[in-house]
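Participant: With my numbering applied, the sequence shown covers 1300 to 1495. Take a look at this one; I'll ask things after.
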Amino acid sequence: MPAFFTSGTGMDAFSHCLEAYCAPGFLPMADGIAVEGMRLILKSLVTAYRHPTDLDARSDVMAAAAMGATAFQKGLGGMHALAHPIGAIHDAHHGMTNATLMPYVLQFNRSAIEERITRLSAYLGLENPGFDSFLAAVLKLREDVNVPHTLLDLGITDSHAEMIAEMAAVDPSAGSNPIAFTREAAAAVFSAAMHG
């Protein structure tokens, strides 16, 4: 695949695993699949992006994509709740939109997921495991595969901000966000992601 689609689909797989892992509820098998999917993405997505003929790296990303699709039976969250209407209105690439939204949704959910993210970062072998080290790893991964830092950089405008917030709040993915993803919450995250 071209680099843009390698990045976008790989980050989409990461977002599936991450949101499934953070979703409330008890489904430990989905959690286990999700954390291993994230490990594979962190291990291999940059290589697949930079060296498109590396079949080992591509195989890892492909496996992680399948794992994300399995894990999200547990639920998704604010990334997908916003990415769906943004994609519908602005014709934006779904995975790249999730990737752009990722740090802003993580920050919004921090109080509810910090302990869980600390365990995840330890599993991933991050130095000084915790929310901040995981967020730094996400930001570095996004940078390495050329994910835009803001929705504005992705080519999104705020001309339909209210409609997007309303649509996000009733999106099926909103119901499994760790913190209630109301219209006001969706609007706040959208605004933060627009401007960085």
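Quick reminder that beta carbons are idealized off the backbone N, C-alpha and C, glycines included.
Using C-beta distances below 8 angstroms, list every residue in its chain close to Ala1436, excluding the 5 sequence neighbours before and after it, in chain order.
Facilitator: Looking up residue 1436 in the sequence shown gives position 137. The residues are Leu1341, Ser1420, Leu1423 and Leu1425.
Participant: Three Cβ pairs or more, each shorter than 8 angstroms: is that satisfied between the stretch 1438–1449 and the stretch 1407–1421?
Facilitator: No contact exists between the stretch 1438–1449 and the stretch 1407–1421.
Participant: If you pair each beta-carbon of the stretch 1463–1470 with each one of the stretch 1379–1392, do three or more pairs fall below 8 angstroms?
Facilitator: Judged by Cβ distances under 8 angstroms, the stretch 1463–1470 makes contact with the stretch 1379–1392, as three or more pairs qualify.
Participant: Using CA atoms only, rank isn't needed, just tell me which of Arg1349, Met1361 and Asp1353 is closest to Ala1302.
Facilitator: Locating residue 1302 in the sequence shown gives position 3, counting from the first residue. Ala1302 has its Cα closest to that of Arg1349, out of Arg1349, Met1361 and Asp1353.
Participant: Check whether the stretch 1481–1488 touches the stretch 1457–1466, counting contact only when three or more Cβ pairs, one atom from each stretch, lie closer than 8 angstroms.
Facilitator: Cβ pair count under 8 angstroms is three or more, so yes.
Participant: Assuming Ala1363 and Gly1386 are in contact, meaning their beta carbons sit under 8 angstroms apart, how far apart are those beta carbons, in whole angstroms?
Facilitator: In the sequence shown, residue 1363 corresponds to position 64, counting from 1. In the sequence shown, residue 1386 corresponds to position 87, counting from 1. In fact, because the Cβ distance is near 21 angstroms, the residues do not count as touching under 8 angstroms.
Participant: Is it true that the CB of Phe1304 sits closer than 9 angstroms to the CB of Leu1440?
Facilitator: Taking the first residue of the sequence shown as position 1, residue 1440 is located at position 141. Taking the first residue of the sequence shown as position 1, residue 1304 is located at position 5. Going by C-beta atoms, Leu1440 is not nearer than 9 angstroms to Phe1304.
Participant: Is the beta carbon of Gly1307 sitting closer than 9 angstroms to the one on Val1360?
Facilitator: Residue mapping note: residue 1307 aligns to position 8 of the sequence shown, counting from 1. Residue mapping note: residue 1360 aligns to position 61 of the sequence shown, counting from 1. No.
Participant: Exposed or buried, Asn1397, counting other C-beta atoms within 10 Å across all chains shown (16 or more means buried)?
Facilitator: Locating residue 1397 in the sequence shown gives position 98, counting from the first residue. Buried, by the Cβ-count rule.
Participant: Note down, one range per segment and in chain order, each alpha helix (DSSP H) of at least 4 residues found wholly within the stretch 1331–1382.
Facilitator: Listed in chain order, the complete alpha helix (DSSP H) runs (minimum 4 residues) inside the stretch 1331–1382 are 1354–1370.
Participant: Decide if Pro1327 is buried, meaning its Cβ has at least 16 other Cβ atoms within 10 Å, or exposed.
Facilitator: As a first step, residue 1327 must be located in the sequence shown, where it is residue number 28. Counting Cβ neighbours within 10 Å, Pro1327 comes out exposed, since fewer than 16 surround it.
Participant: Using the Cα positions of Ala1368 and Cys1316, report the straight-line distance between them to the nearest angstrom.
Facilitator: Within the sequence shown, residue 1368 is the residue found at index 69, counting from 1. Within the sequence shown, residue 1316 is the residue found at index 17, counting from 1. Approximately 8 angstroms, taken between the alpha carbons.
Participant: Is Ser1432 helix, strand or coil by DSSP?
Facilitator: Position 133 of the sequence shown holds residue 1432. In this structure, Ser1432 counts as helix in the three-state DSSP scheme.
Participant: Can you tell me which of the three DSSP states His1459 falls into?
Facilitator: Along the sequence shown, one-based indexing puts residue 1459 at 160. His1459 falls in the coil class under three-state DSSP.
Participant: Secondary structure at Glu1426, three-state DSSP: helix, strand or coil?
Facilitator: Along the sequence shown, one-based indexing puts residue 1426 at 127. Glu1426: coil per DSSP, three-state reduction.
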